[in-house]
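Using our numbering, read the sequence shown as starting at 420 and increasing by one per residue. Even for Gly, the Cβ is constructed at its ideal location relative to N, Cα and C. Computed from a prediction, not measured in an experiment: that's the story for all the values here. Structure first, commentary second.
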Amino acid sequence: MALKIRLARGGAKKRPFYRVVVADTRAPRDGRFIEKIGTFNPLLAKDDAARVVLDVERAKHWVGVGALPTDRVARFLSDAGVLTRAARSNPEKAKPKAKAQERLEAARMAAEEAAAAAKAAAEAPAEAAPAEEAPAEEAQA
420 MALKIRLARG
430 GAKKRPFYRV
440 VVADTRAPRD
450 GRFIEKIGTF
460 NPLLAKDDAA
470 RVVLDVERAK
480 HWVGVGALPT
490 DRVARFLSDA
500 GVLTRAARSN
510 PEKAKPKAKA
520 QERLEAARMA
530 AEEAAAAAKA
540 AAEAPAEAAP
550 AEEAPAEEAQ
560 A
């Protein structure tokens, strides 16, 4: 029998409260479980001691027997010192998606074209300036 240490949701609508339970993987999320080893109340402040309450000895027992914690419960267990959780990093998550990358590329190309046009405009009047001054002097005379 494959065991999981997971959260079983309780509480009212928009007011979640979770039990940390050991259950068979085939059992429903809020259904039958083997043992309740703690609670999690996400509505409390992160520094509140009652936010996560775990029976550390029972958690160590179930991990020793082979129960696998879910990601969230593994985070709780690593904070309690029951197990060590490998740091996870997904550098791809921070990258913009395809459409955003296309927009960024288009904006970059437009900026390059504007810079090139400004540079060309800055160089062109310098060359054309003497030619424009001559007719202006003739008009004054």
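Closest residue to residue i among the options (Cα-Cα distance)
i      : options                        : result
Thr444 : Leu426, Tyr437, Ala431         : Leu426
Ala579 : Leu462, Arg507, Glu524, Ala525 : For residue 579 there is no data in the structure shown, the boundaries of the chain being 420 and 560.
Thr489 : Ala536, Arg448, Glu521, Glu542 : Arg448
Arg507 : Arg494, Glu524, Ala543         : Arg494
Gly450 : Ala541, Arg428, Lys465, Ala537 : Arg428
Test item: CB-CB of residue i and residue j under 7 angstroms
i      : j      : result
Leu487 : Lys423 : yes
With 16 other Cβ atoms within 10 Å as the buried cut-off, status of residue i
i      : result
Leu496 : buried
Val492 : buried
- request: Take every Cβ of the stretch 453 to 460, pair it with every Cβ of the stretch 429 to 442, and state whether three or more of those distances are shorter than 8 angstroms.
  value: yes
- prompt: Given 8 angstroms as the limit, is there contact between the stretch 471 to 481 and the stretch 493 to 502, that is, 3 or more CB pairs closer than that?
  reply: yes
message: Threshold first: 3 residues or longer. Then list the beta strand (DSSP E) segments lying entirely within the stretch 484 to 551, N to C.
response: When DSSP assignments are scanned along the stretch 484 to 551, no uninterrupted stretch of beta strand (DSSP E) that is 3 or more residues long falls wholly within it.
The stretch 501 to 521 contacting the stretch 477 to 485, beta-carbon criterion three pairs below 8 angstroms: yes
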